[in-house]
Every structure is written in C-alpha cells, then in structure tokens.
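One structure below.
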Amino acid sequence: MTSPKKRFSQLIEEIDRTTWGPAEQALVADAVSLAVELGDERLEYEARMRQTASANMNGATDVMLNSFAWCLARHDSDPQRFPADLDYGGADLMWQFKWMASSLRSSPAFSTEQITAVLDDMETHYRKAGLGMSGVLTARFEDAWDAGRLDDAEALRAQLEATPRDDHSHCDACGRSQFAGFFAETDRDAEAIRLVEEMLEGGFSCGEEPEHALSRVLVPYLRAGRFDEARSAHLRSYRLAKDNPDNLRIVAHNIVFAALTGNEARALAQVERHIGWLAHDGLNVDAHFAALAAFAFALDRVTAAGHGDATVRGADSPALEEFFGEHDGAWGAAELAATAWAAAERIGSDFDLRDGTEGHARSLTRLRALADEHYDVPIRSDAFVTAPDAATPDDPDAWFERVMNLAQFGAEHETLRALPHALSVEDPSKLAELLSMRLGILIALDRAEEAADLLPARIDALRAAGLDAQADLELRLGLATFGLNTPEAAAALEDELANTDALPAWSRGDLAISRASLHLHADEPGAALDMAEIAARAFAEAEDARLSNTTTLVAISAVLQKGDIEAASALLDRFLAQDDLSIGHRAQALQTRAKVRGGSESFAEGAADADEATRLLAGLGATTALAAAHLLAGALWEDAGDPEKAVTRYRVTSRLVAQEGGDQAGADFRLARAMLAAGDAEVAAELFGQVLEREEQAEVPAASRAMTASLLARALGSAGEFGQAVGAFGYAGELFGEAEEHADQAMALTERAKILARFDEHAEAIATLESASEIVRRAPEAVGALADVLHNLGQAYAATQDDRAFALFDEVAALAHEHEAAWLLADVTDSRGRALAQFGRTDEAVAAALTAADGFAAIGDAGSAGGSELFAARLLVGDDRAADSVPIYRSALEHSDGYPPLQQVSALELGNVLEALGRHGEATEVRALLDS
91 MTSPKKRFSQ LIEEIDRTTW GPAEQALVAD AVSLAVELGD ERLEYEARMR
141 QTASANMNGA TDVMLNSFAW CLARHDSDPQ RFPADLDYGG ADLMWQFKWM
191 ASSLRSSPAF STEQITAVLD DMETHYRKAG LGMSGVLTAR FEDAWDAGRL
241 DDAEALRAQL EATPRDDHSH CDACGRSQFA GFFAETDRDA EAIRLVEEML
291 EGGFSCGEEP EHALSRVLVP YLRAGRFDEA RSAHLRSYRL AKDNPDNLRI
341 VAHNIVFAAL TGNEARALAQ VERHIGWLAH DGLNVDAHFA ALAAFAFALD
391 RVTAAGHGDA TVRGADSPAL EEFFGEHDGA WGAAELAATA WAAAERIGSD
441 FDLRDGTEGH ARSLTRLRAL ADEHYDVPIR SDAFVTAPDA ATPDDPDAWF
491 ERVMNLAQFG AEHETLRALP HALSVEDPSK LAELLSMRLG ILIALDRAEE
541 AADLLPARID ALRAAGLDAQ ADLELRLGLA TFGLNTPEAA AALEDELANT
591 DALPAWSRGD LAISRASLHL HADEPGAALD MAEIAARAFA EAEDARLSNT
641 TTLVAISAVL QKGDIEAASA LLDRFLAQDD LSIGHRAQAL QTRAKVRGGS
691 ESFAEGAADA DEATRLLAGL GATTALAAAH LLAGALWEDA GDPEKAVTRY
741 RVTSRLVAQE GGDQAGADFR LARAMLAAGD AEVAAELFGQ VLEREEQAEV
791 PAASRAMTAS LLARALGSAG EFGQAVGAFG YAGELFGEAE EHADQAMALT
841 ERAKILARFD EHAEAIATLE SASEIVRRAP EAVGALADVL HNLGQAYAAT
891 QDDRAFALFD EVAALAHEHE AAWLLADVTD SRGRALAQFG RTDEAVAAAL
941 TAADGFAAIG DAGSAGGSEL FAARLLVGDD RAADSVPIYR SALEHSDGYP
991 PLQQVSALEL GNVLEALGRH GEATEVRALL DS
C-alpha cells in the first residue's frame, strides 16, 4: 500500500504535468487536503503554492487570495523552510504577488487602502529580496489603469518601459498585450496593433495569450479597415478563450466584435453560451461589469436586427438573479439588454465611488458610442430562424386548418401544441377530426392511457356530428383505429373487416387504412398495399380527398418498403402533380421524394425537394419538424457537392435544435463539416471544438469523439493553427486507440507526423510514424491505411537518408500490385526515385522517376506524370547532363496542359537549359509559353 507521503509526491508530479482546468484543480485540492492531514506545513506549502497558481488560472479568486496569504505568512516566518521559489517551473511567491493587487481591485468590496497596502507590501518584499522593480511597477501601472487614473498610468507605463527587465517582469507576450490594451483604450490603435503583431510574429504566448491580446485589437483592426485580420483575430481569440470561465473579459471583447460586424445571431449564441459564467467567480466583479456591458451592447444589436423578442437561453437561471433580478419566464433580448445595461451601470458606479474617478462610466460611454459604428465582416457560425411566412391563425377554424396540415405532414409535437387553439370550433365534425388527430399522436408517442381517457370525448363528438356508425365502431374497437399496435388490436380490425357490409364507405376506409398501417409496422408491405387499395376505393366512394391522399402516402411507403424505388418515384411524381393536395401532404411527399432521390444519388434534385418542404413547413409554424427538414436539405446539398448551400441549411437546423431541444452536437457537427468543406476552416474549428466539448460531457463512445477530434485537427491545420492541430491529431489517435479502431488511429498519427515533418521535427515525426506502422499492422484488412502509413514512413526515412525507406517502398509496391492500385504504384515509384536521389544514386533515381511518370500517364494523371519528369530532368541538370534533360523537360511540358504552375516552371527551366546549351532559338520558342 502506498504511503501518504509517497501519494503526496505522486499527486505533485501529476499536478505539474496536468494542464489547467477542473481535473488539475481537483488534484491540487487533494494535495492540500493530504498535506493538512499529514500535519506537514512544508508539504502544505508546496501544495498551496500550486493552488495559488491554479486558482489564478481557473478564476477562483477567493481560493487564490487565501492560499497566497497562507504561503506569504509562512515565508515571512521562515524563508529558509518556506522559500519564495520552489524551483518546480511554476510562478514563485514574489511573482504571485503581482496577481494579488489586481484581484483585490477586481471587486469593489476591497477598499483603495487595502489595495495600496498590498502594493506597498509587494514593494517591501521585492526590495528585501533584492529584486528589480519591474514587477512592482507593472502592478502599480495596472492599478492606475484599472482605477481610471489614466495620467498616472501613462507616467507609470513610461517609467516601466525605462526600467530594466528582470525575472519578475511580464513575459514578452503579457507585456505587449497589457500595453496594447492600454493603447487601444487611449485611442492609440496603430500602437496597439503593432505590439500585438510583434507578439504574434515572435511566437510569444502565455497562459491567456495570445487570445487576450487579439481580443484587445479587434476594434482597432476594424477601424483600420483590416477586416480579414480582424476576422481571423476574433476567431482565434474566441476559440482559445471559450472554454475557461476565467476568460470572461476576453469573451466579452469577442461578443462586442460579433455584434459590431453584422453577426448578431453569433453574438446572441455567444451570450447564451457564456452568460452562466457570471456566476463563476463572485470576486471578479470587474469582469462581470465588462461582460454585462458586452451582453447589453450585443442584445441591443440583436434587437435592432429585428429579433428583440428572441429568447436568451440561460438568462433565467436562479444563479443569475443577483445580476438581473427575479423574472417570470424566459428573458427576451430587448428586455434583457436594458436590464444588463442597468446592472453594468450599478457595478460601474460602485467601482467609481471606491476609486474616486469616472473610469468605469467612461468605459460604458466608449462602448455605447460604438452603436454608431457598423462593419461588414460575415461569420457564418449561427443564424436566426426566419419567422414563418404565414400569419398566426386568428380563429378556431383557421387553427383547425393549421392542425390538419401539421398532422398530415406528421409533425406530432407541433400538432399537439396547436390543437388547443382549435378545440373551440363549432362544427362537431371538425372537433371529431381534431380529437382523432390527438388520439393518433398520443398512441404514436406511447401515451395510450391518455388516449384511452380521451376516447369517450371523440365518440361523443362523432355522435354530435351524426356519425353514429363510426361512433359505434370505435366503441367496439377502442384504440385500434388510432394505431394501437397489439395483437388484440390487429385481430379486432380483421374481424371488423370481415363484416363491413353494413358500414358506410368512410368507416370501411378507416378500418382498411388502420390495418394497412399495422402491416407496415410489421414489415409486411404486400399486405399493406392490399389494405391501402381497399381504403382508397372506400374513401373515393365517400368523396374524402384528404384521406384518399393520406392513403396514397401509405401506399407509397409500402412500395418503398418493398424496395421498388422506380415505382415509388413514379407514384410520388404523379401524387405531387395533383392539385388537391393539402400543404401538409405536399410537404410530406416532397420530403419523401427528397429521400428517394438522395438514395438514388440524384442529390441536387432531392435537395431542391427538401428546400421546398422546408418552405411549406415554415409557413405552418413548424419547429421540430422544420429542423429535421433543414437537416435533410443540408445533407443532400452536402452530398451534391455544394457545401455552401449545406452550411445555410445546417445553420438554421442548429438554431432550431437549440430552441426546441434535440441533438445539438449532431447538428453542429454537420455544420462544422460543411464549413470545412466550404473552406471556412477557422469557424469549422470553433464548432468542432464545441461539439467535442459536448461529447466529452455526455461521455459518448470514444470512436465518435475520435472522429470529431480528427476533423477538429484537420480544421485547425487548414486554419494555420499547426501546433493545436498536432495536439488534436494526437488526441484523436488516443481516442481511436481506446476504441480499438487501429486503422483510424494510425491515420491520425500519420497526419500528426506530416505536420511535425513540415516544421522539421523529423525525429518526432519518424517516432510517430513508427508507432503508427506498428498499430496499422493490427488491421491488415485496412490495406489503404497500411499503404499510406508505410509510404509516409518510407518518405520520412528517406528524408534523413535512412535506407530502411527502400524496404517500405517495396512493401507498398507489393500491396499496389496485389490490389491493382496503379496510381499508388506510380506514386511509390516516384517516392523511390526521390529517395534514391537523397543517396546520390542519380541514374537509378532518374529511371525510377521516369517509370513513375509512365505509370501516371497510363492512368491519365498528366499532372503527376509531368511532376515526375520535371524531377528527373532537374536531376540530370544537376549531374551536368543538361542535354539529356531536354527531351524530358519537353515531355513534362506536353503533360502540363491544364496545369499552369507545372507549365510555367518547366518552360522557365527548359528555356534556361537551352540558353546555356547555346540553342537560343529553341530557348526563345519555349519561353514564349511563359507569356501565353
């Protein structure tokens, strides 16, 4: 059994290698508790030093203040036993001092005298320890700036810049970010941008950098007209900041940006996503001030865009009543905007009263002034749901039509919501129909007891309408004609169908269609078609067009269940050509045909049908059904190779699912995938990150999370965030491994290695590929993955002149021969040629490259053929055989038609070779291609 002190050492080691976050916080808390239990103050000091840093990074201000005070007291009492620096790589005690004054300043509960005392105590400790004054000046500058004493802050900034840097100065990232924020607030936008771009170009980063710095120059970028940089800065800043509640101020800057740039739907979604963070850290009141003001500004813009009545999800949480007060029901955007402004003003007044300045009032004035600024920087992550075209029904009879259409489409939830508005119709036959719809839906939703309670009212309505025969039938059958799927119900229907002579036509049709539906549920399409035919004749005799059309849809379902797609398509085409279809039936038929066309790979035609169905459903006020319809349309446009149209549909799906409930992760996954395909990698990365977060919280299977992580990595790579992409591919590999998806795991590691190699991290890339090659061999059936991994490892070996490359190329070539993969064979032959060149084996390299060119040409890949020939020609030129290279260059030019870069390079190089050979006329002729 592990001893308590050994366990403490293990905890400390684990803390030091765990990234900031809930897991790390829990480990720190365990370490502190264990040290207290042991009664060892030295161990407790080690744990609490880490706790102070952890609390600072995770927004637990009360924990940080208490932990720091405990550590400082121990250090002051015995500096030898409790040294300021534990040499573990984290912030030492004097560095942590810098966090204290700013933390006190962040809440008006602490007085100016308390803050000044901390700053003075900090300076005393620094001088006593013989430290430079850079850290102290930084803290005093921050204090003056945050208090609104801008002249004092400017003087301290100048003094700080003139003070030599030391071990307790802000790092290269934080120092630039801090001054950039000050410059932006004091209308020196160009200076702010310069500092942030210096930071980015230097690759400087820290705990909350570069995301904080990027957020500080969003408005300066806009005012400078640099919209592309502003958009990229916003997407990167928000993506890096969105998962840590301690980044509330950074998120606030990004919300203002979204509202300012015409992305009101995105701003609303961000407000909803982060409004709960207000309750995270009760002492970080200054961040609450910034967030409330940002929320108010954004919601004003949402209101101005025509969506003031949009619900702000999450704002009605009891935890937020201290900010917004009690409220009956959900908050609307316009109402919450006014309340958020008032809350921000109240907090700002508290700060200004304490500080004796107008600093916070000035901040609100600056933000309100942005109301006059508008910039067009589209970001397509979110969308408002367009209000339905149709007006809300204004009487029970109009509601009756709405209910019938919704029911005929199959929008169960929307039908149930609309039904109460129609129940006061005066016509008893209409009331009977409404109750029939309600009964059928209750049965479909497995609410049979409720249906049984409602049946007597349905029978009474039938009798009031003079339909006694139908009332007697339903009294005998109970719920059998409403979809109850039990052997008893089926038997009862069969008995009645055997004795229908005395029944009116409508009742005979009702029996037949009810039995047809049960046959469909039992996967008996032939019997269902027979019953549908009987129902169709009966409803035609009864002259009921609505139920005749319902019967046709049942018959189409049966034909599809039989697998006769051609017949079903013909039926759908004829059905949709009718002029007596209700909106609900037409929308249902369009959606069915969309699916049929998608299954037949007529994706664009299917997508057009799905789009028309969504238009009709929007006019009916559908919501849940409308989300599913938009999802179908998006999927079909995606399959049709039009990701732009897919994005538009998926955005609406996402918003509807957010409003109505449903698979939000699934909707956003599709939206992110379409975004990536459409080339909007930065937004796709943000969305994939959110999907992965939801999947982690829901503990979905590892394989699903792995797929999301893999696509996140691809999006990050496409967005130029290569460092994060490496980490994401590594995580995807871990998850695929957990799911025992060996081929996918190997491919994720291969993609990771490609990025590493791109940045000359060859040793790590090779180690990753070697691991991938071992893993992929556990899935021998995945020939494509095996070939890809071995090929990449061979190329990596060749780049470092490791002759193990050739055995791998041989193995890949053997796989290509075995599986008749001609392109792969040509490609690995090209790789062999390039590897041979690395070893100085020029003749063999040229031969391999030309063999590869022939292979590519044989399968019609002229561009790759020309690329191999260009490589061979260059080898010959480098080997002083320029004359031998000429015909090969000419062949490369022949293959370059349709590949302008290949043509330009080949012509340029061949012209130079011919000129050097004294063949000036030929050189001129070839160079003419450069101008063509």
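The sequence shown begins at 91 in the numbering used here and counts up by one. Idealized CB from N, CA, C, for every residue including glycine. Given the structure is predicted, the values throughout are model-derived calculations rather than measurements.
TODO: Indicate whether T505 and R528 have their beta-carbon atoms separated by less than 9 Å.
DONE: For the purposes of this step, residue 505 is taken as the residue at position 415 of the sequence shown. For the purposes of this step, residue 528 is taken as the residue at position 438 of the sequence shown. Yes.
- [ ] Tell me whether the beta-carbon of R1062 lies closer than 9 Å to the beta-carbon of A943.
- [x] Here the chain has residues from 91 to 1022 only, and residue 1062 is not among them.
Task: Candidates T351, S305, S295 and I365, of which the one nearest A1029 by Cα - done: Any property of residue 1029 remains undetermined from this structure, which presents the chain solely from 91 to 1022.
TODO: Pair every Cβ in the segment 195–204 with every Cβ in the segment 167–177, then say whether three or more of these pairs are closer than 8 Å.
DONE: no
- [ ] In angstroms with no decimal places, state the Cα-to-Cα distance between A855 and T932.
- [x] Mapped onto the sequence shown, residue 855 falls at position 765. Mapped onto the sequence shown, residue 932 falls at position 842. Whole-angstrom Cα-Cα distance: 27 Å.
Task: Which residues DSSP lists as bridging E299, in chain order - done: For the purposes of this step, residue 299 is taken as the residue at position 209 of the sequence shown. Answer is C296, bridged to E299.
Open item on the list: Considering only their Cβ atoms, is the gap separating L825 from A792 smaller than 9 Å?
Closed with: To locate residue 792, count along the sequence shown from 1; it is residue 702. To locate residue 825, count along the sequence shown from 1; it is residue 735. Result yes, Cβ atoms of A792 and L825 sit closer than 9 Å.
TODO: Using alpha carbons as the reference points, say which of Q141, D318, A359 and R284 lies closest to A758.
DONE: As a first step, residue 758 is located in the sequence shown; it is residue number 668 there, counting from the start. The amino acid at residue 758 is misidentified as Ala; the sequence shows Asp. Among Q141, D318, A359 and R284, the Cα nearest to that of D758 belongs to A359.
TODO: For A234, collect the residues of the same chain with a Cβ closer than 7 Å to its Cβ; drop the 5 residues on either side in sequence, then sort them by chain order.
DONE: Within the sequence shown, numbered from 1, the residue matching residue 234 stands at position 144. Closer than 7 Å at Cβ, skipping near neighbours: D242, A243 and L246.
Task: Distance, T743 Cα to V226 Cα - done: Sequence index remark: in the sequence shown, residue 226 carries index 136 (1-based). Sequence index remark: in the sequence shown, residue 743 carries index 653 (1-based). Here the alpha carbon of V226 sits roughly 53 Å from the alpha carbon of T743.
- [ ] Look at the Cβ atom of A595, then the Cβ atom of T641, and state whether they are nearer than 9 Å.
- [x] Counting from one through the sequence shown, the residue named residue 595 turns up at place 505. Counting from one through the sequence shown, the residue named residue 641 turns up at place 551. The answer is no: Cβ separation not under 9 Å.
Open item on the list: Would you call the segment 376–386 in contact with the segment 428–437, where contact means no fewer than 3 C-beta pairs closer than 8 Å?
Closed with: yes
Open item on the list: Taking 9 Å as the threshold (C-beta atoms), are Q678 and L643 in contact?
Closed with: Numbered from its first residue, the sequence shown carries residue 643 at position 553. Numbered from its first residue, the sequence shown carries residue 678 at position 588. Their beta carbons are under 9 Å apart, which means L643 touches Q678 by this criterion.
TODO: Specify whether the segment 541–554 and the segment 584–592 touch according to this definition: at least 3 beta carbon pairs, one from each stretch, less than 8 Å apart.
DONE: no
TODO: Look at the alpha carbon of L998 and the alpha carbon of R284, and state the distance between them as a whole number of angstroms.
DONE: Taking the first residue of the sequence shown as 1, we reach residue 998 at position 908. Taking the first residue of the sequence shown as 1, we reach residue 284 at position 194. Computed Cα separation, rounded: 40 Å.
- [ ] Quick one: residues in its chain with C-beta nearer than 7 Å to the C-beta of A369, no 5 flanking neighbours on either side, listed in chain order?
- [x] Against the sequence shown, residue 369 aligns to sequence position 279. Within the same chain, A369 has close Cβ partners A409 and L410.
Task: Unbroken alpha helix (DSSP H) run spanning P198, endpoints - done: Counting from 1 along the sequence shown, the entry for residue 198 is found at position 108. Per DSSP, P198 belongs to no alpha helix (DSSP H) and is neither H nor E.
Open item on the list: Between which residues of its own chain and A694 is the CB-CB distance below 6 Å, once the five residues before and five after are set aside?
Closed with: Here residue 694 is taken as the residue at index 604 of the sequence shown, counted from 1. Cβ neighbours of A694 beyond the five flanking positions: A730.
Open item on the list: Short of 6 Å in beta carbon distance, which residues of its chain neighbour D670, apart from the five on each side in sequence? Order them along the chain.
Closed with: Here residue 670 refers to the residue found at position 580 of the sequence shown. Excluding residues within five positions, the ones whose Cβ falls inside 6 Å are A635.
TODO: Determine the burial state of S975: buried for a count of at least 16 other Cβ atoms within 10 Å of its Cβ, exposed for fewer.
DONE: For the purposes of this step, residue 975 is identified with residue 885 of the sequence shown, where counting begins at 1. Flag for S975 reads buried.
Task: Of the residues F294, K652 and T206, the one placed nearest D445, counting alpha carbons only - done: Start at 1 with the first residue of the sequence shown, and residue 445 comes out as number 355. That would be T206, whose Cα lies nearest to the Cα of D445.
- [ ] Tell me whether G530 sits in a helix, a strand or coil according to DSSP, three-state version.
- [x] Counting from one through the sequence shown, the residue named residue 530 turns up at place 440. In the structure shown, G530 sits in a helix (DSSP, three-state: H, G or I).
Task: Contact check, C161 vs L194, beta carbons under 9 Å - done: Reading the sequence shown from its first residue, position 71 is the one you call residue 161. Reading the sequence shown from its first residue, position 104 is the one you call residue 194. Contact: no.
- [ ] Tell me where the alpha helix (DSSP H) around V126 begins and ends.
- [x] Residue mapping note: residue 126 aligns to position 36 of the sequence shown, counting from 1. Its alpha helix (DSSP H) spans residues P112 to L128.
TODO: Could you tell me the boundaries of the alpha helix (DSSP H) in which S407 lies?
DONE: Position 317 of the sequence shown, counting from 1, holds the residue named residue 407. Segment: none, S407 is in no alpha helix (DSSP H) and carries neither H nor E.
TODO: Drop a sphere of 10 angstroms on the beta-carbon of P990, count the other beta-carbons inside from all chains shown, and report buried for 16 or more, exposed for fewer.
DONE: Your numbering for residue 990 matches position 900 in the sequence shown. With fewer than 16 Cβ atoms within 10 Å of its Cβ, P990 is classed as exposed.
Task: Range of the contiguous alpha helix (DSSP H) that encloses H909 - done: Position 819 of the sequence shown, counted from the start, is the residue given in the question as residue 909. No alpha helix (DSSP H) contains H909, which DSSP labels as neither H nor E.
Task: Cut-off 7 Å between Cβ atoms - residues of its own chain near S690, not counting five sequence neighbours on either side - done: As a working mapping, residue 690 is identified with position 600 in the sequence shown. Excluding the 5 residues flanking it on each side, S690 has same chain C-beta neighbours closer than 7 Å at I655, in chain order.
TODO: Spatial neighbours of I673 within its chain, please: CB distance less than 6 Å, with the 5 preceding and 5 following residues excluded, ordered by chain position.
DONE: As a position in the sequence shown, residue 673 is number 583, starting the count at 1. Counting only Cβ-Cβ distances below 6 Å, and skipping sequence neighbours, we find N495 and L706.
Open item on the list: Using a Cβ-Cβ cutoff of less than 8 Å, which residues in the same chain neighbour L525 once the five nearest sequence positions on both sides are dropped?
Closed with: The residue you call residue 525 lines up with position 435 of the sequence shown. Closer than 8 Å at the Cβ level, and outside the excluded window around L525, lie L544, A547, R548 and A551.
Task: Span separating the alpha-carbon of E908 from that of L914 - done: For the purposes of this step, residue 908 is taken as the residue at position 818 of the sequence shown. For the purposes of this step, residue 914 is taken as the residue at position 824 of the sequence shown. Roughly 11 Å between the two C-alpha positions.
TODO: Measure the alpha-carbon distance for Q268 versus A303 and round it to whole angstroms.
DONE: As a first step, residue 268 is located in the sequence shown; it is residue number 178 there, counting from the start. As a first step, residue 303 is located in the sequence shown; it is residue number 213 there, counting from the start. If I take the Cα positions, the gap works out to 8 Å.
Open item on the list: Just to confirm my understanding: we take V341, look at its own chain, exclude 5 residues before and 5 after, and list those with CB closer than 6 Å. What are they?
Closed with: Against the sequence shown, residue 341 aligns to sequence position 251. The answer, listed in chain order, is A331 and H364.
- [ ] Kindly list the residues whose CB is nearer than 6 Å to the CB of F317, restricted to its own chain and excluding five residues on each side of it in sequence; keep chain order.
- [x] Sequence index remark: in the sequence shown, residue 317 carries index 227 (1-based). So the qualifying residues of the chain are V467.
- [ ] Rounded to whole angstroms, what's the CA-CA distance from A939 to A282? Just pull it up for me.
- [x] Here residue 939 refers to the residue found at position 849 of the sequence shown. Here residue 282 refers to the residue found at position 192 of the sequence shown. Cα atoms of A939 and A282: separation of roughly 52 Å, rounded to the nearest angstrom.
Open item on the list: Report the start-end ranges of each alpha helix (DSSP H) in the segment 803–886 that is 4 residues or longer and not cut off at the edges.
Closed with: 812–828, 832–848 and 852–866
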